[in-house]
Structures are given as structure tokens and as C-alpha cells.
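What follows is one structure encoded as C-alpha cells, with my remarks underneath.
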Amino acid sequence: LCSWVRTHGRLPKRYNTDRLEAQQCFRLWKLQQNHNQGALHPADLQLLKTVPELDLLTKKWDALLSRPARIRPGIRDLCSWINRTQRLPEKHSSSPLELIHANSLDNLRKQYDEGQLIKEELQLLRSVPVLQQLTSQWDGISNHPDCTRPWLENLCSWVRKH
Numbered sequence: 001l002c003s004w005v006r007t008h009g010r011l012p013k014r015y016n017t018d019r020l021e022a023q024q025c026f027r028l029w030k031l032q033q034n035h036n037q038g039a040l041h042p043a044d045l046q047l048l049k050t051v052p053e054l055d056l057l058t059k060k061w062d063a064l065l066s067r068p069a070r071i072r073p074g075i076r077d078l079c080s081w082i083n084r085t086q087r088l089p090e091k092h093s094s095s096p097l098e099l100i101h102a103n104s105l106d107n108l109r110k111q112y113d114e115g116q117l118i119k120e121e122l123q124l125l126r127s128v129p130v131l132q133q134l135t136s137q138w139d140g141i142s143n144h145p146d147c148t149r150p151w152l153e154n155l156c157s158w159v160r161k162h
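This note's numbering numbers the first residue of the sequence shown as 1 and each following residue consecutively.
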């Protein structure tokens, strides 16, 4: 990754058709995930800081982590609604409030995948009994050993054979 950034003078872009750049972007994403969880090895962090573009990026990551923990009100509202109804919101509900909560839950999943939920928000979600199973499913998918989605490993295997 460091070599790639030095060569190109920029960070890899998401949704690129160049396979190598897409691979570097994925590596950068995984490094950010590890950094956010405090699991980035200090030697790896030092190596990232040797490249100006990556050093600036790690400073941004640090700034995000050092901000005061503040749970967004929408997450509190969603958890309160789920506690009251004892079910997840449905996407095809006739209730406008339930639709808002269903969209919020989808957005939270995306933010979880991108490592954008702060620890306190994740703890709040996991404190709601109905959400415990859902967040466990998110963990199972996101922590898959070789890829971000379990089906991706099968797809990669199929592509290698054909």
C-alpha cells in the first residue's frame, strides 16, 4: 500500500476498475478498521506515517477517535422504538416513523461495515435484546476471515477455477 501511494502520489480510490487499485483501497479500509478498533500494530502505523498522504490520513483517523463520544439522537430514538415494540422496523410499513427507523437501521449497518460507529453507539445497539442477534450477524459477516462477505469467497473460488 505504501509503495502504491508513493508511486501514484495519491490514495487509492474506491470503485476503481483497476484491480490493483481496488485491492489497495480494500487494504486501506482494513487498516482503518484495525486502527479504529485499536488493533493496528504499532509498526504498521509507523510505516503508514512514512508516506505523507497516509500520515495525513492516520491523523484524521486519530482525530475522529479522539472526539468526545456522543451517541447520535437517531440511534437512541431507534433503540427506544425497538424496545417499545419488541421488533425490528419493517421497510414496507405504512407508518412513516417505522419507515424512518427501518432506513436508519440500514444506514447503521453501512456505518458499522465502514467502521463509523463509535464504541458507545455499538454498545447501545447491543444493549437492546432484539438487536443483539442482528449485531451478532453483522459481526459474523464483517469478521469473515478472508473477505467482507461469506459469498465472496465462493465467488472468488469459482472465478479462479474458470
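Using N, Cα and C, we set each Cβ at its ideal position, and we do this for glycine too.
What you are looking at is a predicted structure, and each value in this text was computed from that prediction instead of being measured.
Cβ shell of residue i (< 7 Å), same chain only, five flanking positions each side left out
| i | result |
| --- | --- |
| Leu-1 | Gln-24, Arg-27, Leu-28 |
| Gln-86 | Val-130 |
Residue closest to residue i, alpha-carbon to alpha-carbon, out of the options
| i | options | result |
| --- | --- | --- |
| Pro-171 | Ala-102, Gly-9, Gln-111, Leu-97 | The first residue shown for the chain is 1 and the last is 162, placing residue 171 beyond what the model contains. |
| Ser-104 | Ser-66, Tyr-15, Ile-82 | Ile-82 |
| Leu-48 | Ser-94, Gln-137, Ser-3 | Ser-3 |
| Arg-109 | Ile-71, Ser-66, Leu-134 | Leu-134 |
| Leu-122 | Thr-85, Pro-89, Ile-71 | Ile-71 |
| Asn-107 | Lys-91, Leu-20, Arg-87, Ser-66 | Lys-91 |
| Pro-12 | Pro-89, Gln-86, Leu-57, Glu-120 | Leu-57 |
Cβ neighbours of residue i in the same chain (closer than 8 Å, five flanking residues each side left out)
| i | result |
| --- | --- |
| Leu-40 | Leu-31, Asn-34 |
| Gln-132 | Arg-126 |
| Ser-93 | Leu-99, Ala-102 |
Proximal residues to residue i (C-beta, below 6 Å), its chain only, five neighbours per side dropped
| i | result |
| --- | --- |
| Trp-138 | Tyr-112 |
| Asp-18 | none |
Integer Cβ distance of residue i from residue j, believed to fall under 8 Å
| i | j | result |
| --- | --- | --- |
| Cys-79 | Leu-124 | 6 Å |
Checklist entry - Okay, do the segment 59-75 and the segment 30-47 touch, 3+ Cβ pairs below 8 Å being the bar? => result Yes, they touch.
Checklist entry - With contact counted as at least three CB pairs below 8 Å, one residue from each stretch, are the segment 19-33 and the segment 68-77 in contact? => result no
Next on the checklist: Below 8 Å, how does it come out for the segment 111-122 and the segment 84-102: are there three or more Cβ pairs, yes or no?
Outcome noted: no
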